[in-house]
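Below: the structure, in structure tokens.
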Amino acid sequence: QLLEEAGHLLLPLAREGARSRQVRGVASRVAKFRGMIRDALKAARHAREIVRDFRNFARDTRTAELVDLNECLEEAVTLIQRELRPGIRVVRKLGRIPQVRCLRGQMSQVFLNLLKNAEEAIEKKGTVTLRTQNKDGWVVVEVSDSGRGMPEEVRAKLFEPFFTTKPVGKGLGLGLSISAMIVQNHNGRITVRSRPGHGSVFRVELPLTR
Numbered sequence: 002q003l004l005e006e007a008g009h010l011l012l013p014l015a016r017e018g019a020r021s022r023q024v025r026g027v028a029s030r031v032a033k034f035r036g037m038i039r040d041a042l043k044a045a046r047h048a049r050e051i052v053r054d055f056r057n058f059a060r061d062t063r064t065a066e067l068v069d070l071n072e073c074l075e076e077a078v079t080l081i082q083r084e085l086r087p088g089i090r091v092v093r094k095l096g097r098i099p100q101v102r103c104l105r106g107q108m109s110q111v112f113l114n115l116l117k118n119a120e121e122a123i124e125k126k127g128t129v130t131l132r133t134q135n136k137d138g139w140v141v142v143e144v145s146d147s148g149r150g151m152p153e154e155v156r157a158k159l160f161e162p163f164f165t166t167k168p169v170g171k172g173l174g175l176g177l178s179i180s181a182m183i184v185q186n187h188n189g190r191i192t193v194r195s196r197p198g199h200g201s202v203f204r205v206e207l208p209l210t211r
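The numbering of the sequence shown is my numbering, which starts it at 2 and goes up by one.
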């Protein structure tokens, strides 16, 4: 009889506990759903930015002009400087280079994308180094970082549209593919050297004659 009475007393508590677990489960699912919505909204904002960039490229129908790529790099650094974390330092090792014929706005966008990529590769503190040189009829620009680096399977897909290693909502993976498209449209080359734990070096080469 005592066991039966105890059972009657404990049954409501058990039911209440089950309801509490159900409520917690629902709350957890709602929180997860809200997070998914936030990520989707971030992705949509990034998509709008990419569309805006494509429109800017489409409008940039001016003829190419002779441009100092050192100046383009400095412009890109100025634009991104406000976004750089306090622990990230930009080092310039700019050589004496001749002007190249290109669309200035598009090349500035390439360098801005590479700087953003370098900044994101550095987890806390680190260095982004900019180098330029004139080599064998090409003007060479390198943007290197002291970040985490990347394995071969990531490096092989890096310039493919929509390829990204970022979490959902953090980027659509179009910045580097757009940069590659711009460089190729200028008859140039873009490559990357990297390995885990040793940072990355992005190299842009533009011909002196087109």
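The beta-carbon is built from N, C-alpha and C at its ideal position, and this holds for glycine as well.
For residue j and residue i, believed in contact at Cβ under 8 angstroms, the rounded distance
| i | j | result |
| --- | --- | --- |
| Q107 | I183 | 5 angstroms |
| L159 | V193 | 6 angstroms |
Cutoff 7 angstroms; reference residue i; Cβ partners in own chain excluding five residues on either side
| i | result |
| --- | --- |
| R150 | For the sequence presented, residue 150 should be read as Gly rather than Arg. Taken in chain order, the residues that qualify are S195, R196, P197, G198, H199, G200 and S201. |
| G138 | P208 and L209 |
| P168 | Caution applies to P168, whose pLDDT of 46 falls short of 50 and renders its modelled position unreliable; the model cannot decide the point. |
| L85 | E120 |
| V68 | Q100, V101, C103, R105 and M108 |
| I123 | I89, D146, S147 and G148 |
Contact set for residue i: own chain, Cβ-Cβ below 8 angstroms, skip 5 residues either direction
| i | result |
| --- | --- |
| C73 | R105, M108, S109 and F112 |
| I81 | L113, L116, K117 and E120 |
| V24 | Low per-residue confidence applies at V24: pLDDT is 49, beneath 50, and the placement is therefore not dependable, though the value from the model is reported in the following sentence. Once the five neighbours on either side are set aside, V24 has no close Cβ partner at all. |
| A181 | F160 and I191 |
| R83 | none |
| P152 | R196 and P197 |
Residue range of the alpha helix (DSSP H) that includes residue i
| i | result |
| --- | --- |
| E154 | E153 to R156 |
| E161 | No alpha helix (DSSP H) holds E161; DSSP gives it neither H nor E. |
| I183 | G176 to N186 |
| R105 | R105 to A122 |
Beta carbon of residue i nearer than 8 angstroms to that of residue j
| i | j | result |
| --- | --- | --- |
| N186 | P208 | no |
| V78 | L116 | yes |
| E121 | I89 | no |
| L70 | V155 | no |
Unbroken beta strand (DSSP E) run spanning residue i, endpoints
| i | result |
| --- | --- |
| T215 | With the chain represented from 2 up to 211, any question about residue 215 goes unanswered, as that position is not in the structure. |
| S201 | S201 to P208 |
| I89 | I89 to L95 |
| S195 | R190 to S195 |
| S145 | W139 to D146 |
| E66 | E66 to V68 |
| R86 | Unbroken run through R86: none, as it is neither H nor E. |
Spatial neighbours of residue i in its chain, beta-carbon cut-off 6 angstroms, leaving aside the 5 residues before and after
| i | result |
| --- | --- |
| A65 | R102, C103 and L104 |
| K125 | G88 |
| R30 | none |
| E76 | S109 |
| Q134 | G96 and V141 |
| F203 | L115, V144 and V193 |
Spell out a yes or no on whether the region 96-103 and the region 111-125 are touching, meaning 3 or more CB-CB pairs, one atom from each, closer than 8 angstroms.
-> no
If we count Cβ pairs, one from each stretch, closer than 8 angstroms, do we get three or more for the region 121-131 versus the region 143-155?
-> With a cut-off of 8 angstroms, the region 143-155 and the region 121-131 count as touching, because enough Cβ pairs lie within range.
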